[in-house]
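Taking it in order: structure first as structure tokens, then the write-up.
Protein chains: 2
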Amino acid sequence: MSSLRRAMATVCVSGALDEKIAAAAAAGFDGIELFENDLLVSPWSPAEVRARCADLGLTIDLYQPFRDFEGVKPEQLAANLARAEHKFDVMAALGTDLVLVCSSVSPATIDDDDLAAEQLALLAERAQARGMRIAYEALAWGRNVSTWDHSWRIVQRAGHPALGLCLDSFHVLSREVSPDGISGITDGKVFFLQLADAPRLGMDVLQWSRHHRLFPGQGDFDLTGFVRRVLDTGYAGPLSLEVFNDVFRQADPVRTAVDAMRSLIALEDGIGGRPLPAAPALSVHAFTEFAVDGRSGPALQDALRGLGFAHTGQHRSKPVQLWEQGACRVVLNSAVVRPQAAGTAALSAFALTSADPDKSRARAEALLAPELPRARGPHEADLTAIAAPDGTSIFLSRDDNDWRADFLPTGPVLTDGAGLTRTDHLGLAQPFDHFDEAGLFYHSVLGLTHSTSGEFAAPLGLMRSRAFTTPDRGIRLALTVALLRRGDWAPAVADPQHVAFATDDIFATAAAIDRLGGTTLQVSNNYYDDLIARFALPGNEVDRLRRHGILYDRDPDGGELLHMYTPVYGGRVFFEILQRRGGHDGFGELNAPVRMAAHRHLRLSAARELPR
Amino acid sequence: MSSLRRAMATVCVSGALDEKIAAAAAAGFDGIELFENDLLVSPWSPAEVRARCADLGLTIDLYQPFRDFEGVKPEQLAANLARAEHKFDVMAALGTDLVLVCSSVSPATIDDDDLAAEQLALLAERAQARGMRIAYEALAWGRNVSTWDHSWRIVQRAGHPALGLCLDSFHVLSREVSPDGISGITDGKVFFLQLADAPRLGMDVLQWSRHHRLFPGQGDFDLTGFVRRVLDTGYAGPLSLEVFNDVFRQADPVRTAVDAMRSLIALEDGIGGRPLPAAPALSVHAFTEFAVDGRSGPALQDALRGLGFAHTGQHRSKPVQLWEQGACRVVLNSAVVRPQAAGTAALSAFALTSADPDKSRARAEALLAPELPRARGPHEADLTAIAAPDGTSIFLSRDDNDWRADFLPTGPVLTDGAGLTRTDHLGLAQPFDHFDEAGLFYHSVLGLTHSTSGEFAAPLGLMRSRAFTTPDRGIRLALTVALLRRGDWAPAVADPQHVAFATDDIFATAAAIDRLGGTTLQVSNNYYDDLIARFALPGNEVDRLRRHGILYDRDPDGGELLHMYTPVYGGRVFFEILQRRGGHDGFGELNAPVRMAAHRHLRLSAARELPR
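Chains F and Z, in that order, are what the protein sequence lines are.
The first sequence maps to residues 11 to 622 in the working numbering.
The second sequence maps to residues 11 to 622 in the working numbering.
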């Protein structure tokens with residue numbers, strides 16, 4: 011398969027037309043679909059837009075949309091053709107030869123395929139006279155024509171060389187009609203291909219389309235199968251994204267365009283186009299690094315000591331400490347330059363082992379996640395580092411231990427601190443604008459698999475969650491985001507972050523933490539009273555949970571999750587300790603509001619005790 | 011009709027349980043519905059919650075929800091009854107005797123009304139033994155029971171004195187089944203009444219219910235008719251709000267509870283319960299006041315002068331100027347104490363004439379919008395002032411002119427400045443958390459009527475709009491809000507505000523403004539080229555519009571709107587000039603993105619010319 015050109019509709023991103031075009035060019039697109047409204051509000055003339063695109067190496071692949079053309083009475087037809095001639099004038103000035111005509115939504119449309127075909131043929135004749143072509147698209151909510159196969163019958167009936175189809179994955183895959191027959195479209199009659207993914211939502215298809223589209227790989231549609239079928243027809247035009255999304259429409263267009271391009275690169279790899287370096291297997295969560303300062307550093311040290319960690323190493327050249335317990339490693343870094351308030355801490359990096367770090371880096375680079383430059387002393391480990399969408403650095407090393415040579419030992423690793431064995435997962439609240447971008451990043455760049463998704467009511471508003479893991483669950487990441495960007499009253503508390511450590515016996519761990527003087531989060535008594543009713547657990551078992559503030563969940567197969575939390579340190583960071591039994595694969599999402607309420611209670615209590 | 015008690019479900023508002031309860035009490039509610047999850051995550055025991063509510067004068071009217079009880083096999087029934095006994099324990103500690111049992115959503119539910127009735131009767135028997143009662147509710151998405159009439163048949167079949175209905179306006183009015191028959195429910199069998207409004211949305215009813223409920227009067231449901239029917243049955247329990255709303259769930263609970271209470275007060279008036287002072291007729295938009303400082307003041311003066319306004323008066327005791335043209339009045343106030351950045355301006359107040367300002371004030375006060383205290387010099391007009399949800403002061407006076415005595419004349423009113431005749435409307439971008447609150451405020455407190463609503467795509471994201479007017483259109487307010495709270499990349503520019511002035515001849519006005527050296531907003535040429543195609547307007551007419559940057563819209567009845575704008579002054583404020591022809595009743599919403607793009611172009615151009 012030869013390489014396909016890549017395009018993006020201007021409607022995908024926020025801003026004025028010049029900002030949209032600049033963003034598309036910066037992300038490496040070959041062309042754009044120009045959305046008419048973006049042109050109408052622009053101070054640039056069509057000729058200026060054409061020149062600007064040419065300067066940036068972008069073609070204008072499609073002008074869109076032209077609405078409510080076909081299935082009209084003769085007098086309306088004349089008016090519609092006059093409208094079309096005006097669009098052709100604009101297209102001539104833009105230097106584009108293809109216009110999208112979407113199936114009519116007007117209640118007045120006459121339901122007669124012959125009439126529609128005849129009128130579209132007339133339009134195509136006019137277009138052809140000016141060296142232009144018509145791409146006819148069945149809107150999923152079209153008045154009479156709402157499925158791809160119906161639009162194809164009409165195009166065949168019209169039989170005009172300047173009339174073909176525009177296939178939009180959303181309009182096709184949001185309907186019940188199978189896309190299988192697409193492969194049978196003949197004579198190069200697919201003139202244009204628009205791509206959008208979407209979550210499966212039970213809602214009016216127009217609203218679904220206008221608000222909730224996503225880039226390929228971010229939703230639930232089978233884009234790979236869809237594109238393969240279209241390519242079977244001999245289609246050689248661009249892969250063009252047309253994504254209406256409320257969040258993308260108000261986010262930084264440069265970031266969004268990169269996210270868009272990443273989705274196409276991953277999709278092309280999936281369909282066997284330009285292949286990417288395969289994602290090397292990731293296996294172990296090697297360490298987690300926190301950026302700290304003179305106030306938050308000691309707070310985290312105390313917390314770790316209380317959980318049974320020991321300070322085991324000091325970095326050779328930087329003010330960086332290593333803390334360990336079993337295979338749990340935490341790095342406290344006082345040298346990270348990040349814009350954060352004094353006294354706060356932040357999860358600044360985490361390290362994973364890769365079967366082939368060079369290949370991981372090459373894949374990341376091909377997916378527009380380039381290696382981060384790092385200051386490194388002589389003899390220090392050469393870790394590959396890339397940036398996640400939330401700004402966290404991700405280190406990739408071949409060996410779980412090669413980076414440890416950077417640290418001078420300061421004490422032995424405790425194996426019997428509190429029985430913590432390894433890092434189970436990270437919980438990362440994502441910046442509002444970048445949740446779907448983060449999901450695509452972890453899936454495409456790191457090759458992690460989407461495991462669970464959900465929505466839950468937290469004390470300060472609704473939350474969404476989405477988890478990514480390796481097949482063997484050696485690495486797990488749980489992403490969350492507020493459903494609405496939080497305002498003054500319910501701030502998102504700087505996107506809290508946490509590390510969850512595994513234990514094989516949470517009760518023994520809890521007892522050890524008690525002995526060590528560590529602090530865990532107190533949980534409402536009401537929660538435990540209800541547990542008895544919810545799961546029909548014996549009262550004395552619940553009392554054991556209650557004593558240590560251990561939360562409980564059980565899946566339909568009987569797998570159990572027992573987990574407990576610490577308070578929040580440095581304004582943003584906390585720890586979780588958990589035990590999975592019987593292959594429980596979740597994250598205790600139902601218990602998240604309990605944890606959040608307990609954290610809020612601590613914060614409000616502290617605030618009330620502060621002198622006014 | 012005797013007064014009904016007023017209650018609010020804790021799920022209506024944000025925060026921890028103590029914050030929710032305090033907010034309900036502060037807003038004057040008599041009771042709460044305690045949502046189980048709010049209790050489970052609370053550090054307070056049920057007895058402590060009971061005591062806290064008693065301290066604040068709140069009763070706990072309902073504990074909810076108890077799920078998936080009925081239509082199960084015998085072994086499951088035993089477990090469900092055990093679960094119920096646990097809830098009864100909690101209820102006893104809370105001191106409440108009523109629990110909501112919602113119709114089962116479990117796929118395993120047996121579809122057998124006799125079985126459901128029999129099992130609910132068993133549950134009611136258990137409840138009765140403890141002096142408690144069961145309110146059975148048909149969830150709109152219940153597995154077998156999803157309509158009120160079905161739940162009523164089951165309750166009748168069960169025939170147990172401790173089993174009655176819970177009627178929820180959302181579950182009833184979101185379904186096709188008519189609520190008319192509700193009046194026929196006998197024997198006081200409506201045990202509880204839950205109220206929620208909602209916009210009519212084409213989406214899955216569960217999602218609709220969980221995210222988009224509104225307080226009565228904010229949506230499209232006929233709550234008045236619904237409540238009347240329930241009262242016909244002899245229901246004498248509380249009117250209780252149960253509103254799941256994504257925005258309310260993350261907003262200030264104290265504000266939200268006041269909004270909730272206002273909705274109930276207005277509803278009770280509507281059903282002929284506790285009557286309010288009738289809303290006196292409002293007629294004229296008397297003046298608009300801007301808070302300015304030493305930098306924004308002169309900028310607004312220049313702008314007004316360029317539009318043909320004259321400085322006609324100086325306030326007797328304050329640094330306040332009056333500017334006039336025809337019946338258009340603008341007040342520039344340098345003495346307003348508002349937290350705003352230096353150099354900025356803000357629409358701080360507007361004045362309307364009321365047929366009875368005292369009654370307007372009394373109605374506002376009854377609707378929890380108390381009079382604002384004002385500093386007033388001797389001999390100065392005693393204007394009633396109340397605060398709108400966005401903080402704007404609204405002055406109400408009997409006479410269009412009595413407040414003018416506060417100003418010493420500084421020059422004559424120009425009648426021929428630029429032909430502006432009167433204030434047509436205000437355009438007020440609302441703070442994100444308070445859009446629905448504002449709608450209810452203008453409707454209930456001021457008695458304005460909702461005219462149009464819409465949604466449109468702006469350059470920096472989607473927007474919603476909602477307009478309120480007097481019957482004769484003497485006063486119009488157009489509210490807008492971003493669909494998502496804007497973030498760093500696309501800030502809401504401090505919620506822009508504008509005044510639209512009417513003219514009888516916009517071309518003459520535009521020519522006069524040119525002569526006066528005034529500045530109006532340049533509009534994209536592309537917009538005009540498209541107008542020709544869109545409305546089949548003659549080219550020379552469009553060129554007249556183009557020359558002056560006049561935007562155009564036409565309604566299906568041929569009514570026309572011609573309107574033009576100024577640049578933004580003081581970071582936030584601009585003016586519009588418009589001419590309505592043939593009874594056009596809109597606000598040119600389709601043109602709003604054109605205006606926004608032009609404003610953005612000016613801002614970006616200015617930023618690019620700034621030295622770095």
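Here a beta-carbon is modelled for each residue, glycine too, at the ideal position from N, C-alpha and C.
Everything numeric in this text was worked out from a predicted model, so none of it was measured.
Cβ neighbours of Val-533 (chain Z) in the same chain (closer than 7 Å, five flanking residues each side left out): Gly-559, Leu-561, Val-604, Ala-608, listed in sequence order.
Shortest alpha-carbon distance to Gln-440 (chain F) belongs to which of F:Leu-175, F:Leu-494, F:Pro-209? Just measuring C-alpha positions, the residue of F:Leu-175, F:Leu-494, F:Pro-209 sitting nearest Gln-440 (chain F) is F:Leu-494.
Taking only beta-carbon positions, decide if Ala-518 (chain Z) is within less than 8 Å of chain F. Closer than 8 Å: no.
Show which residues of chain Z have a CB atom less than 7 Å away from the CB atom of Asp-262 (chain F). Annotation: Cβ neighbours of Asp-262 (chain F) in chain Z (cutoff 7 Å, chain order): Trp-499.
Taking just the CA atoms, how far does Gly-25 (chain F) sit from Met-271 (chain F)? If you draw a straight line from the Cα of Met-271 (chain F) to the Cα of Gly-25 (chain F), it comes to about 18 Å.
Residue range of the alpha helix (DSSP H) that Thr-266 (chain Z) falls in? Counting along the chain, the unbroken alpha helix (DSSP H) around Thr-266 (chain Z) starts and ends at 263-280.
Proximity of Glu-135 (chain F) and Val-111 (chain F) at Cβ, strictly below 8 Å: Judged by their CB atoms, Glu-135 (chain F) and Val-111 (chain F) are not nearer to each other than the 8 Å cut-off.
Under a CB-based cut-off of 8 Å, is Met-18 (chain F) close to chain Z? Closer than 8 Å: no.
What do you get for Pro-2 (chain Z), buried or exposed, if any count of 16 or more other CB atoms within 10 angstroms of its CB means buried? Within the shown structure, residues of chain Z are numbered from 11 to 622, placing residue 2 (chain Z) beyond reach of any answer.
Let me know the secondary structure DSSP gives Thr-519 (chain F) once reduced to three states. In the structure shown, Thr-519 (chain F) falls within a helical segment according to DSSP collapsed to helix, strand and coil.
Given a threshold of 16 other Cβ atoms within 10 Å of its Cβ, counted over all protein chains shown, does Gln-80 (chain F) qualify as buried or as exposed? Note on identity: in this sequence residue 80 (chain F) is Glu, with Gln being the wrong assignment. Label assigned to Glu-80 (chain F): buried.
Would you call the region 119-138 of chain F and the region 49-67 of chain F in contact, with 3 or more CB pairs under 8 Å? With the cut-off at 8 Å, the region 119-138 of chain F and the region 49-67 of chain F do not touch.
According to DSSP, residues forming a beta bridge with Asp-178 (chain F): Bridge partners of Asp-178 (chain F): F:Gln-204.
Output the boundary residues of the alpha helix (DSSP H) element that contains Val-330 (chain F). Per DSSP, Val-330 (chain F) belongs to no alpha helix (DSSP H); it is in the beta strand (DSSP E), 330-335.
Cβ-based neighbour list, Trp-218 (chain F), same chain, cut-off 8 Å, excluding 5 preceding and 5 following: Contacts found: Ser-184, Ala-208, Leu-211.
With a threshold of 8 Å on Cβ separation, who are the neighbours of Arg-163 (chain Z) within its own chain once the five nearest residues in sequence on each side are excluded? Same-chain partners within the cutoff: Asp-123.
Verify the CB distance criterion: does Arg-496 (chain Z) have a CB-CB separation below 8 Å to chain F? Taking Cβ atoms only, chain F reaches closer than 8 Å to Arg-496 (chain Z), which makes this a yes.
Grab me the residues of Thr-106 (chain Z)'s own chain with a C-beta within less than 6 Å of its C-beta, minus the 5 sequence neighbours each way, in chain order. Leaving aside the five residues that flank Thr-106 (chain Z) on each side, the residues in its chain whose CB is nearer than 6 Å to its CB run, in chain order, Ile-70, Tyr-73.
Going by C-alpha to C-alpha distance, which of F:Pro-422, F:Asp-392, F:Thr-420 sits closest to Asp-409 (chain F)? The residue with the shortest Cα to Cα distance from Asp-409 (chain F) is F:Asp-392.
Suppose contacts are defined by Cβ-Cβ distances below 8 Å. Is Cys-22 (chain F) in contact with Phe-236 (chain F) by that definition? Contact flag unset, no.
So which residues on chain Z does Met-213 (chain F) lean against when the C-beta distance must stay under 9 Å? In chain order: Leu-211, Gly-212, Met-213, Asp-214, Gln-217, Trp-218.
Taking the alpha-carbon positions, what's the Arg-622 (chain F) to Phe-231 (chain Z) distance? Confidence at Arg-622 (chain F) is low in this model, with a pLDDT of 41, below 50, so its placement is unreliable and no value can be given for it.
What is the residue span of the alpha helix (DSSP H) that Gly-123 (chain F) lies within? According to the sequence displayed, residue 123 (chain F) carries Asp and not Gly. First-last of the alpha helix (DSSP H) with Asp-123 (chain F): 123-139.
For Ala-89 (chain F), return the contacting residues in chain Z, with the cut-off set at a CB-CB distance below 7 Å. Within chain Z, the residues near Ala-89 (chain F) are Ala-546.
With a 10 Å radius around its C-beta and 16 neighbouring C-beta atoms as the bar for buried, classify Asn-255 (chain F) as buried or exposed. Counting Cβ neighbours within 10 Å, Asn-255 (chain F) comes out buried, since at least 16 surround it.
By the three-class DSSP mapping on this structure, what secondary structure does Leu-118 (chain Z) have? In the sequence on display, residue 118 (chain Z) carries Ala and not Leu. Assigned with DSSP and collapsed to three states, Ala-118 (chain Z) falls in coil, not helix or strand.
Report all residues from its chain with a CB closer than 6 Å to the CB of Ala-296 (chain F); omit the five preceding and five following residues, and keep chain order. Ala-361, Thr-363, Asp-410.
For a contact meaning CB atoms closer than 8 Å, what does Val-257 (chain Z) contact in chain F? Ordered by position in chain F, the residues that pass the 8 Å Cβ test against Val-257 (chain Z) are Leu-494.
Name the DSSP bridge partner or partners of Met-213 (chain Z)? Note: Met-213 (chain Z) sits in a beta bridge opposite F:Met-213.
For the beta strand (DSSP E) containing His-295 (chain Z), list its first residue and its last residue. From DSSP, the beta strand (DSSP E) with His-295 (chain Z) extends over 292-301.
Coil, strand or helix - Val-100 (chain F) by DSSP: Helix, per DSSP.
Applying the criterion that 16 or more other CB atoms from any shown protein chain within 10 Å of the CB defines a buried residue, is Lys-30 (chain Z) buried or exposed? Per the 10 Å Cβ criterion, buried.
Using a cut-off of 7 Å between C-beta atoms, extract the partners of Arg-610 (chain F) located in chain Z. Ala-26, listed in chain order.
Is any beta-carbon of chain Z found at less than 8 Å from that of Asp-443 (chain F)? Yes, contact with chain Z.
Return the first residue and the last residue of the beta strand (DSSP E) that Ile-404 (chain F) is part of. Ile-404 (chain F) -> beta strand (DSSP E) spans 403-407.
Quick one: grab the DSSP three-state call for Gln-532 (chain Z). Assigned with DSSP and collapsed to three states, Gln-532 (chain Z) falls in coil, not helix or strand.
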